[in-house]
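Reviewing the structure listed below.
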Amino acid sequence: MEIRPIISALMRSKVALVLIGLQIALTLAIVCNALFIISQRIETMNRPSGMNEADTFQIASNGFGDGFSTKNAFAEDLALIRGLPGVRAATPINSLPMTNGGWSEGVNMQAGQKVPTTVATIYFMDEHGIDTFGTKLIAGRNFKPEEITTRSRQSVDWPPGLIITKALADKLYPGQDAVGKAFYLNPEGAPLTIIGIVDRLIVPWPEGFSYNGDHSVVENSVLVPQMTAYGNHTGYLIRTEPGRRDELMKTVEAKLGDSNHSRIVRSLKSVEQIRAECYANDRAMMIILGTVIFCLLTITALGIVGMASFWVTQRTKQIGTRRALGATRASILRYFLTENFLITTGGLLLGAVLTYAFSLWLMAHEQEAKLLPWHYVPIGFVCLWALGQIAVLGPATRAARVPPAVATRSV
Amino acid sequence: MFSYYFQLGLHSLKRNPILTALMVLGIALGIAASMTSLTLMHIMGSDPIPWKSDRLHYVQLDNWDPNQPWDEEGNPPDQVTYKDAQALMEAGKADRQAAMFKVALPIQPENPEVKPFLALGRATYGDFFAMFEPPFAYGGGWDHGQDAQHGRVVVLTRETNEKLFGGQDSVGKRVRMNEVDYTVVGVLAEWKPRIKFYDLTNGALADAEEFFVPYTTMIELKAQASGNNSCWKGAEPGWEGYLASDCIWQQFWVQLDSPAKFADYKSYLDNYTNEQKKLGRFQRPLNNRLFDVNGWLQNQKVVPKDVQVQVGLSFAFLAVCLINTIGLLLAKFTRKSGEIGLRRALGASKPQLFAQHIIESGVIGISGGAFGLALTFAGLVMVRALYKDYANVAQLDWTMVVATVVLSTVAAVLAGLYPTWRACQIAPAAQLKTQ
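Chains as they are written, first to last, in the numbering used here: chain A, 1088 to 1498; chain B, -2 to 432.
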């Protein structure tokens, strides 16, 4: 292949060469890092919550006045909700995964421990909780109806038997059967027994919940058999038969409002909606980065088209001469494609360095950012090679169509 | 001369409409991307109360767990306990001071047509209004007397007054909240700080309050705070036990009108914690802080990391667009070599040619800037649609409009410098010969 003449021709317009190379280098750096951020966000958003999300919704109410008793409200509301056709299960709740509001507590292995072993979120529920959430009991047993108590705002004790998630069990008792073993939420209080283990239920803060840099605590949850009769607030999670959620959301809202007029029914939200809101910022970031990538590739491609067209125009005479001297159309086409390939390759080599410089900058800014995995770079190379070749194809075809007769004109 | 060059520039740009469009579009896209992200950063990072931000200070006391710091960076806790807030209020050592916490109360309107609703409010002291200076439409805040006697008074925001009283002057009227009657003493005019800087713990972009009530009244009525509550050790049972606990759930702001006052207050805080140490509290090393508004915004990292990353990426994108423009201008001016050679031969000096081509680049820059400004508006609309809570911060202000136009013009002129310089180096004879 005629690489030497291409290079010596390129060396005559060094500045243009540097400009295109730099543009391709920056494009590679931005696209690789942006794609990596997007892929991380997809990973975050795809994290399973461990609960049924399709058929569940939450509803809460705030009562007012002396006539309102939270304890009675819980009993009446749950009876009413569970009696509705299409409702599979319902449970009182204090919080849900992905709501970004809830209770976190240090978890200890020994009485009197000074620094907690790890942290976990607290989900209050009754014996229908596991079925309503849709998480799976993988060891031990569920709560019994007689174990459900009411928790007042200022209580500091915990019920003796609790269910925890597998992630937490593995952290407290790695490689052992945790059922029947003890732990402490209040290190000054009584030991608590693990009566059951559920496979997964993430905390209300899937992003940003960590303990001394440990992000795996996001699956640490403790299920507590209590109803939180705090002030006048009651909250429920309701699971319907598949496909009946939307219809029952309206029914339950109306029924709860009618059942007692000194209450405000609010926070009616499906868990799907909760998930969408929780990850709205990640989605936004993905869309913004996607738009930037698209604009960037367009600009770079158009820039290549512009420069290549300019070169073709500038060299029309030389192309004509070459054609007159016997070069085929294919070899002219090949010349421009090869030229573009060489420029792009130079830019990409510089770009690989810039890409990692950018990645390091991101890591300095964002504690959680990871170094870009190496495979993004070769993939970026292939994409930009392809982009360059496609962009230059138009001008190169035009160059190939230059008739040999041009060589004889205007000399 | 300028208008002649300007016309020459326009003429030259019209000759290659596609190339010109490409350059303008490139600059516009680059400008729009960087301006959209910069606007977010600018507004989130800007001073919410510039006329007195250096006199308002946020009190932080390190009452946390002796075995574990509050956070990994060694900051003291971001809120204070009830008992410390009370001690500081009673001492009253600052020019003004206000403890505060977030509450949620059901409002029961007298008008039967308006359904009861749960409203978010702020329990605070009368000094709040003098410190943060929300504008009043009717009436005003409450005085120290109401603080002392747990007055049943309320300040409504414009929206709440609209909902309850149709926007009329409601001073003196009553509002029923959770079965208790409060007298309206003031109604705020529109007040939407872009960053809710006085309570960052519960969300820098959180919704504005719907009402303000005396702190002392809320404590008397045992109204639990609805904001963040953190405890490092269990509280004693009951409301009194909770108030006496080391749980943090309040914000504490002071106004200190001179550097001397600031120094005095700082040493007062240190004395206070040292006294408390003798009682067995505050077992961590002395680590009290007294940030001013901007220091506090920075410490709490109000500008989200995503926005910082977006600014970095968008400026890299702008760089690509500019490099692209340099390349295209270079191509364009080189193509004009013949014309330039002719003008040189006819007596145009290098500086004149330089001026002419810099103006041509400037025209591209200004068009790119104008188009970019329109795209920035579109970009901010997109941001507001994507981030629900950015409604207040994704707004273009005049600073940013001017910055956009200046940035794009400067960028285009800079991009034009090298190609212009190159164009001026053309030897007239060589160019004319080849024609």
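Even glycine gets a Cβ: it sits at the ideal position worked out from N, Cα and C.
query	result
Comparing C-alpha positions only, which one of A:W1398, A:C1365 and A:G1216 sits nearest to L1165 (chain A)?	A:G1216
Evaluate the contact criterion for the stretch 252 to 266 of chain B versus the stretch 85 to 104 of chain B: three or more CB pairs, one atom per stretch, below 8 Å.	yes
What are the uninterrupted segments assigned as beta strand (DSSP E) that are 3 or more residues long and contained completely in the stretch 1141 to 1205 of chain A, given in chain order?	1143 to 1150, 1174 to 1179 and 1191 to 1194
Under the three-state reduction of DSSP, which class applies to Y384 (chain B): helix, strand or coil?	coil
Can you tell which of A:N1427, A:L1324 and A:P1232 has the C-alpha that lies nearest to the C-alpha of P1312 (chain A)?	A:P1232
Give the residues of chain A in contact with W236 (chain B), contact being defined as C-beta atoms less than 9 Å apart.	R1240 and Q1241
How big is the Cα-Cα spacing for G169 (chain B) and G123 (chain B)?	17 Å
List, in chain order, every chain A residue whose beta-carbon is nearer than 8 Å to that of L26 (chain B).	C1382 and I1386
If I follow the unbroken beta strand (DSSP E) through P132 (chain B), where does it start and stop?	No beta strand (DSSP E) holds P132 (chain B); DSSP gives it neither H nor E.
Can you pull the chain B residues whose beta carbon is under 7 Å from the beta carbon of R1353 (chain A), in chain order?	L115
Can you tell me where the beta strand (DSSP E) holding I1281 (chain A) begins and where it ends?	L1279 to V1285
Answer yes or no: does any C-beta atom of chain B fall closer than 8 Å to that of K1457 (chain A)?	no
Tell me, please, whether the CB atom of L1449 (chain A) is closer than 8 Å to any CB atom in chain B?	yes
List, in order along the chain, the chain A residues whose C-beta lies closer than 8 Å to that of L327 (chain B)?	V1102, A1103 and L1106
Is it the case that the stretch 1454 to 1463 of chain A contacts the stretch 1373 to 1388 of chain A, given that we only count it when at least three CB pairs across the two stretches are under 8 Å?	no
What in chain A is Cβ-close to G23 (chain B), meaning under 9 Å?	I1386, L1389 and G1390
Kindly indicate the opening and closing residues of the alpha helix (DSSP H) around W246 (chain B).	Careful: W246 (chain B) lies outside any alpha helix (DSSP H), inside the beta strand (DSSP E) at I245 to Q252.
Taking the alpha carbon of K160 (chain B) as the reference point, which residue from B:Y179, B:H147, B:F208 and B:D196 has its own alpha carbon closest?	B:F208
Got a sec: is the Cβ-Cβ distance from E217 (chain B) to anything in chain A below 8 Å?	no
Would you please verify whether the beta carbon of V306 (chain B) is less than 8 Å from any beta carbon of chain A?	yes
Given a threshold of 16 other Cβ atoms within 10 Å of its Cβ, counted over all protein chains shown, does Q4 (chain B) qualify as buried or as exposed?	exposed
Roughly how many angstroms lie between the CA atoms of G344 (chain B) and T331 (chain B), to the nearest whole one?	20 Å
Taking a Cβ distance cut-off of 8 Å, strictly less, list which residues of the stretch 1151 to 1181 of chain A are near chain B, in chain order.	F1151, G1152 and D1153
From the beta carbon of Q1110 (chain A), is the nearest beta carbon of chain B less than 8 Å away?	yes
From the DSSP secondary-structure annotation, give me the bridge partner or partners of Q57 (chain B).	B:R286
Going by DSSP, name the residue or residues bridged to K99 (chain B).	B:R119
Could you spell out where the alpha helix (DSSP H) holding V1309 (chain A) opens and where it closes?	From DSSP, V1309 (chain A) is part of no alpha helix (DSSP H) but of the beta strand (DSSP E) over S1308 to V1311.
Considering Y2 (chain B), what are the terminal residues of the alpha helix (DSSP H) in which it resides?	F(-1) to R12
So for P211 (chain B), helix, strand or coil by DSSP?	strand
Could you list which residues in chain A have their beta carbon closer than 8 Å to that of Y384 (chain B), in chain order?	A1367, N1368 and A1371
Based on the DSSP output, what are the partners of R483 (chain B) in its beta bridges?	Past the boundaries of the shown model lies residue 483 (chain B); chain B is included only from -2 to 432, so the question cannot be answered.
Excluding the 5 residues flanking L1480 (chain A) on each side, which residues of the same chain have their C-beta closer than 7 Å to its C-beta?	none
Going by other Cβ atoms of all chains shown within 10 Å of its Cβ, with 16 needed for buried, is H8 (chain B) buried or exposed?	exposed
Under 7 Å Cβ-Cβ, which residues of chain A neighbour C318 (chain B)?	I1386
Considering only their Cβ atoms, is the gap separating T396 (chain B) from G359 (chain B) smaller than 8 Å?	no
In the structure shown, what three-state DSSP assignment does V1498 (chain A) receive?	With a pLDDT of 43 at V1498 (chain A), under the threshold of 50, the predicted position of this residue should be treated as unreliable, though the coordinate-derived value follows. Looking at V1498 (chain A) - three-state DSSP - the assignment turns out to be coil, as it is neither helix nor strand.
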